[in-house]
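For the sequence shown, position 314 (counting from the first letter as 1) is numbered 296 according to my numbering, and the numbering increases by one without interruption. Worksheet for the structure shown next.
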Amino acid sequence: MRDDVMVNAADIARIADVGRAAVSNWRKRFDDFPRPVGGTASSPSFSLAEIEQWLRKHNRYVEVAPLERVWQRLRAVGDDLRLGDVVVYTGTFLLYLKRDPAAWRELARLTDDEMLSRLPGSVAAVVPEPPGELPHELGVDPSLIRAIAEVGAEEGPAAAFDAICARYIDVHARRLLATPEPVGALMARLAATAGKTVLDPSCGIGTLLLASGAARALGQDVNGTAARLTAVRLLLHGVEAAVRDGDSLRADAFPDELVDAVICNPPFNDRGWGYEELTSDPRWEYGLPPRGESELAWVQHCLSHVRPGGLVVIMMPGVAASRRSGRRVRGNLLRAGALRAIVTLSAGAAPASSGAPDLWVLRRPEAGDPPASDVLMVNAGDDLAVVEAAWQAYTSRAETGPPDLPEASRVVRIIDLLDEEVALTPAHRVSRQTRAEPFTGVRERAREAISRLEVPKLTPLPVRRELPLTSIGELSRAGVVSIGQGPLKLAEETGDLPVLTVKDLVRGRAPSGRTCDEPGLVFTREGDVVAPLIPGENTAARVVAGPPVVLGPRLLLFRVDPDRLDPYYLAGCLRVTGETSVRLGSSVRMDPRRARLPRLPIEEQREYGEAFRRLLAYEDAVRELRTASDDLLRIGFEGLLDGTLHPE
-17 MRDDVMVNAA DIARIADVGR AAVSNWRKRF DDFPRPVGGT ASSPSFSLAE
33 IEQWLRKHNR YVEVAPLERV WQRLRAVGDD LRLGDVVVYT GTFLLYLKRD
83 PAAWRELARL TDDEMLSRLP GSVAAVVPEP PGELPHELGV DPSLIRAIAE
133 VGAEEGPAAA FDAICARYID VHARRLLATP EPVGALMARL AATAGKTVLD
183 PSCGIGTLLL ASGAARALGQ DVNGTAARLT AVRLLLHGVE AAVRDGDSLR
233 ADAFPDELVD AVICNPPFND RGWGYEELTS DPRWEYGLPP RGESELAWVQ
283 HCLSHVRPGG LVVIMMPGVA ASRRSGRRVR GNLLRAGALR AIVTLSAGAA
333 PASSGAPDLW VLRRPEAGDP PASDVLMVNA GDDLAVVEAA WQAYTSRAET
383 GPPDLPEASR VVRIIDLLDE EVALTPAHRV SRQTRAEPFT GVRERAREAI
433 SRLEVPKLTP LPVRRELPLT SIGELSRAGV VSIGQGPLKL AEETGDLPVL
483 TVKDLVRGRA PSGRTCDEPG LVFTREGDVV APLIPGENTA ARVVAGPPVV
533 LGPRLLLFRV DPDRLDPYYL AGCLRVTGET SVRLGSSVRM DPRRARLPRL
583 PIEEQREYGE AFRRLLAYED AVRELRTASD DLLRIGFEGL LDGTLHPE
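Here it is in structure tokens:
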């Protein structure tokens, strides 16, 4: 019987313990690499049996773990639209194994047909919690069920299902939009959820509830498969869980429930959230959310479910802090003391957001609370550690005196925010650069750049000197210089090898790209000259110093014989020489062989080369001085206005 289990490039990379770039390289280099048997042109699928055979043939085979083989078989049960139900079925069966292993041992002794007929009733009796009904006809054959049981016994039911869920998230990363684990853990710590009763009214696949460490978890999601998956994940980890499917705003599954904390990453920009039918809903204590502000409906829904004094941490799109339509609700949240902090994260912290999202930290006021006078704002970016430090300092501050806040955070008076716009964007109130690099540090940078600003001296000639010319093409034919070119495309996001990019060359900085080792890469040597391939990107040409790096796309490399051609002389000539480009179809590229330069003896070349080197050094110093000056001005003005600097 042919093994019809299929794998994609990411699966092959995981099986062979290599990067995805290596798999792509194998497909290009080896004519005998298996042909796709499914998928699409951009995401082909391959036969697992054929891939294993090829890996063995090329001495690259790593034994496929039973868990990996089970996952690939689960994927083969049906199409990706049904994969969620298959994963939930698997988790429910593993929960059954955890709760009643003796019952499974009895079933396992039966024939396949008898086992299949009795299994649904046995599982339903032991695992009644997941919301909705599981489809029974999923095509999970008896041998696969027994393989799942073996993996569950070997790995442990919870660990086995965690691994399967991780694979499922990888497959549906764009559709599931799961909160990144570090962000979810931060939200849980800010809300102090450990050991508490916690609600997530838009729980998705349970990422936040799992991160919460809750003793009791409540969840709801409009996607029934996601709700069932959340329930199974929580129950396998021993959490008392009640998860329901349905729309939390229109059909709240926990209308009378008050919890210790709420954490939530709701859908953004949902114009169909129920504005018309929910106009008079009692949850809108702080004002009717505008039709286009579904996020403010979620904020108030979360607040309505938390006990007085309890915390809500909710992910919000950055625009929700400043959209004019929501200013009334934002103002009422501030006046009531419900909004306690706004934290701006980096782009990508919320997959549903096109920009940098915010975390809003809210507290339901208690009777007799003194009126709040300020709000914490943190412009965190990628530095999640600063958020906890700022929140801890803010909440534990002495009653007299300001809190000792870390960099990139600031306490803002509520009265200063209650203007016509009620704009609450942290980036407008606190600059990460201001805190991260104090004014004195920027001032020293500017002074140091000024000290390196040596204006080169050149002697004017009374009569223009006519110099004989040659071309790089002639020098190449004579063996004086050889020309190389970076690859047209290169995976610059992963790997250990440093890559010199066009931007690095233009800005005179260290290589910023990274890639994996593969055939066709061009490595620099000290003394090489590098220039852009495409005219107009910049006229920059530089001499390479330091250890070898990978030449990035759209770059040319000139390797010279230093006894016959000075590299700095060549770099200077490439900066100013004309007639170096050629039109190829609709694009224009540099034709290095057409570049012309004066024909000079090597001794005179070195004199010119030294002059060119000083001009390049002057250019770098001017660029650094410009950057330092811009920072100095920005930080100076901001610091004087926000109270962190004072005139001397």
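Note that the Cβ used here is the ideal one computed from N, Cα and C, for glycine as well. Keep in mind the model is a prediction, meaning the values are calculated, not measured.
With a cutoff of 8 Å on beta-carbon distance, VAL343 and LEU293 are scored as near each other. Annotated as proximal: ALA610 and ARG427, with beta-carbon spacing under 8 Å. In the displayed model, ALA58 falls within coil according to three-state DSSP, outside both helix and strand. Around the beta carbon of PHE619, a 10 Å sphere encloses fewer than 16 other beta carbons of the protein chains shown; the residue is thus reported as exposed.
Between the alpha carbons of GLN202 and LEU159 lies a distance of about 16 Å. Excluding residues up to 5 positions away in sequence, ILE(-3) lie with their Cβ nearer than 6 Å to the Cβ of VAL46 in the same chain. Between ASP612 and the set ALA431, GLN467, LEU482, ALA460, the nearest pair of CA atoms involves ALA431.
Cβ neighbours of ALA522 within its own chain (closer than 6 Å, five residues either side excluded): LEU487, VAL488. By the 16-neighbour rule on beta-carbons within 10 angstroms, ILE127 is buried.
Look at TRP255 here: in three-state DSSP terms it is coil, with no helix or strand label. Beta-bridge pairing by DSSP links ASP356 to ARG395. Residue pairing by DSSP places ASN7 in no beta bridge whatsoever. A contact is defined here as three or more CB-CB pairs under 8 Å, and the region 248 to 258 fails this definition with respect to the region 205 to 215. Between the region 138 to 148 and the region 49 to 56 there are three or more C-beta pairs closer than 8 Å, enough to call the two in contact. Taking the Cα positions, VAL604 is about 47 Å away from ARG9. Taking the Cα of PRO629 as reference, the smallest distance to any Cα among VAL462, PHE421, CYS555 is reached at PHE421. In the three-state reduction of the DSSP assignment, TRP266 falls in the coil class. By the Cβ test, the region 262 to 278 is in contact with the region 306 to 318, since at least three Cβ pairs between them sit closer than 8 Å.
Taken through DSSP and simplified to helix, strand or coil, SER458 comes out as helix. In the DSSP assignment, TRP342 forms a beta bridge with ILE296, ILE324. Taking every protein chain shown into account, the CB of PHE12 has fewer than 16 other CB atoms within 10 angstroms, so this residue is exposed. Scanning its chain for C-beta atoms nearer than 8 Å, with the 5 sequence neighbours on each side dropped, one finds around ILE(-6) the residues VAL5, PHE28, ILE33, in chain order. For GLY206, the enclosing alpha helix (DSSP H) stretches over residues 206 to 218. Burial state of HIS283 is buried, judged by a 10 Å Cβ sphere holding 16 or more other Cβ atoms. Shown here, ILE(-6) sits in a helix according to DSSP, grouped into three states. With contacts defined as CB atoms closer than 8 Å, MET97 and LEU30 fail to qualify as a contacting pair. Taking C-alpha positions only, GLY621 is separated from LEU615 by approximately 10 Å. If you draw a straight line from the Cα of GLU448 to the Cα of GLU456, it is about 20 Å long. With fewer than 16 other Cβ atoms inside 10 Å of its own Cβ, THR93 counts as exposed. Note on the region 120 to 144: whole alpha helix (DSSP H) runs with a minimum of 4 residues are 124 to 137, in chain order.
Three or more beta-carbon pairs drawn from the region 388 to 404 and the region 355 to 375 are found closer than 8 Å, and the two stretches are therefore classed as touching. Residue burial is scored here from C-beta neighbours: ASN247 has at least 16 other C-beta atoms within 10 angstroms and is therefore classed as buried. Shortest Cα-Cα distance from VAL511 to any of LYS80, GLU500, SER464, PRO299 involves SER464. Taking the CA atoms as reference points, ALA167 sits about 5 Å from ALA193. Counting along the chain, VAL225 sits inside the beta strand (DSSP E) bounded by residues 222 to 227.
ILE187 sits buried, since 16 or more C-beta atoms from the chains shown fall within 10 Å of its C-beta.
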